[in-house]
Each structure stands twice: as C-alpha cells, then as structure tokens.
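Undergrad:
Structural data, given as structure tokens:
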C-alpha cells in the first residue's frame, strides 16, 4: 500500500535517440486510467540499450516502467534483470516492440514472454496494439506484466496446525459391566484333578494300575528281557565283559541284546528297544 502523499515514479526506456513523450503517454493510458499520473516523477532514458544493462537508479525505486524497442531481439537477460531490480514489488511493466510485417511467425511475442517469466515477472499478457511510435513497414505488440509483491529472500512464519486430542467424557452415570456376571457356572466349578497314582512311592516301586508315567512300559520291557530290577539298577558282571556289548558277552549273558553300559550304573532302555525294524 502506498503511503499517503508519497510521489510515484514512472520510468520510460527506449532505444531511440528522440522520444516524443506526449505520444508515449497517450498510448500508455490506453491500458487503463492511472498507469501514469500527471503528478508522477517521470524519468526518460533514451538509447537505454547502450547502458549495457546497468541503470543509474536505486533498486525498487520505480512504480511503473515503460519500454519501447525497435525489435525484440535486442532485449537481453541483463536488461530485463535491471528492469526487475528498479521496479518496486508489485510494480507494473509495459513493453512495446515492433516486428517486420513480413514476419511469418504465428506468435512473435512468444520468445519475449519466456524471457520475462525467466526474469521473474508474473501475469504476462500480450496485446496487439497501435504503436506508440509508428514505424513504416513494422507492426507492434505490447506486453503487460508485473513484479511479484514479495522480495527474494523474504520470509514469513507459518502457523503450525495442532491436532486437538479428542476429549473423553467420563460420566459417573455410565453403566459399568460387573466382571462376575461374565463368568458362567462352569467357570466357577473347581476343576477335577486326576488321582495321583503310587508310582515311585511304594517300597517296591511298581507301576500303578493306571500308570501314565511310563513305568509300566519299562517293566514290560524288563520282563521280556528276563532281567530283574536289581540287574537294571545295579548291573554287575562276574566276567567283566557284560557292559562291553554283545561282541564280548557270552551266550548265556542276561544282558544279551542291550547296548554297552557301565557296571554299577543304572541301565536305561531306549523307547524303541523292542520295536521291530521291519
């Protein structure tokens, strides 16, 4: 927003030696009332291309810049960069250039539009207009654009969006489920544990009637081998070869068929000892 009482500045750039400023302003005002005002500080620079892209003006010092070029080919990146520099943020640029009537291009303004966008201008529009300064054998077009309202390197704070945590309304009137009501009568019954047998309890260490610990199967194997419990728990040998294996045992050895073992240590029978291999 302009300050009250602040004087605006308009800059006219041309590659001509002499510029009839009245004719230029008359053509400029055709783009809208107030583009250039009567009380504006008007600066005119002729033969602007001879400056080599260096204008003796402060940065962001012009509200509007009007350019008049004979051909678009003379407009380079340095010149557009200087125009962008002297324009205020949000300032307007009007650029008119001519091209030969024999030019067969469908849109001769297209290359210049691309240069303006690369230079940092926005809202580029092209108009087929009457030449501010007519040249014989040439047609003209005018481009209108503006400088962005923000400066390069400017920053602003971004408000962080905070997600609100949903509130849980804890009301005393809410019905609570009684945990005991979830149990059935079957759940409350005392489990019936299986009766404890007398395996490994009695003095004789015999398997009980409903043995489930494996003692009954072990005793059955012992009976088939013809060995007593004493012979299994404390094996002894008169010849000293009974524990070495069948290759060293005699024909009447009670341990015939068992794996080698140490004398005086309990003989363990494998679970598949009596299972047929066929």
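Residue numbers (our numbering): 2 to 279.
From the three backbone atoms N, C-alpha and C, an ideal C-beta is built for every residue, glycine too.
1) Indicate the three-state DSSP secondary structure (helix, strand or coil) for residue 181 in the structure shown.
2) Within 10 angstroms of the Cβ of residue 12, are there 16 or more other Cβ atoms? Answer buried if so, exposed if not.
3) Judging by CA-CA distance, which residue of 58, 36, 29 and 75 is the nearest neighbour of residue 50?
4) Check residue 90 in the structure and name its three-state DSSP category.
5) I'd like the span of the beta strand (DSSP E) that includes residue 12, first residue to last.
6) Could you tell me whether the Cβ atoms of residue 1 and residue 9 are closer together than 8 Å?
7) Hey, quick one: how far does the alpha helix (DSSP H) through residue 186 stretch, first residue to last?
8) Helix, strand or coil, according to DSSP, for residue 156 in the structure here?
9) Whose CA, out of 52, 42 and 131, lies closest to the CA of residue 25?
10) Could you tell me if residue 90 is buried or exposed, where buried requires 16 or more neighbouring beta carbons within 10 angstroms of its beta carbon?
11) Return helix, strand or coil for residue 69, following the three-state DSSP convention.
12) One question on the structure: do residue 144 and residue 126 come within less than 8 Å of each other, judged by their Cβ atoms?
13) Evaluate residue 214 with the Cβ neighbour count: other Cβ atoms within 10 Å of its Cβ, from every protein chain shown; 16 or more gives buried, anything less gives exposed.
14) When we look at the beta-carbon of residue 83 and count the other beta-carbons within 10 Å, is it buried (16 or more) or exposed?
15) Report the residue ranges of all alpha helix (DSSP H) runs contained in full by the segment 120-148; include only those spanning at least 4 residues, in chain order.
16) Could you tell me the alpha carbon to alpha carbon distance between residue 15 and residue 157, rounded to whole angstroms?
17) Look up residue 46 in the DSSP assignment and give the residues it is bridged to.
18) Let me check one thing: in DSSP terms, what residues is residue 100 bridge-paired to?
19) Can you look up residue 260 in the DSSP assignment and give me helix, strand or coil?
20) Residue 86: which of 109, 54, 48 and 108 sits nearest, CA to CA?
21) Return the chain-ordered list of same chain residues with a C-beta closer than 7 Å to the C-beta of residue 140, the five sequence neighbours on each side being excluded.
22) Let me know if residue 18 comes out buried or exposed under the rule of 16 or more other beta-carbons within 10 Å of its beta-carbon.
23) Report buried or exposed for residue 260, applying the criterion of at least 16 other Cβ atoms within 10 angstroms of its Cβ.
24) Under DSSP, the alpha helix (DSSP H) around residue 25 begins and ends at which residues?
25) Identify, in the order they occur along the chain, each residue of the same chain with its Cβ nearer than 6 Å to the Cβ of residue 97, setting aside the five sequence neighbours on each side.
26) Just to confirm, is the Cβ distance from residue 88 to residue 61 under 8 Å?
TA: This is what the structure holds:
1) It is helical.
2) The residue is buried, with at least 16 neighbouring Cβ atoms inside 10 Å.
3) 75
4) strand
5) 10-15
6) The question about residue 1 has no answer here: the residues shown for the chain are numbered 2 through 279.
7) 186-189
8) coil
9) 131
10) exposed
11) In the structure shown, the three-state DSSP call for residue 69 is strand.
12) yes
13) exposed
14) buried
15) none
16) 38 Å
17) Residue 46 pairs with 14.
18) 140
19) coil
20) 54
21) Once the five neighbours on either side are set aside, the close Cβ partners of residue 140 are 99, 100 and 102.
22) exposed
23) exposed
24) 22-29
25) The beta carbon of residue 97 sits closer than 6 Å to those of 69, 133, 141 and 143, all from its chain and outside the five residues before and after it, given in chain order.
26) Yes, the Cβ-Cβ distance between residue 88 and residue 61 is below 8 Å.
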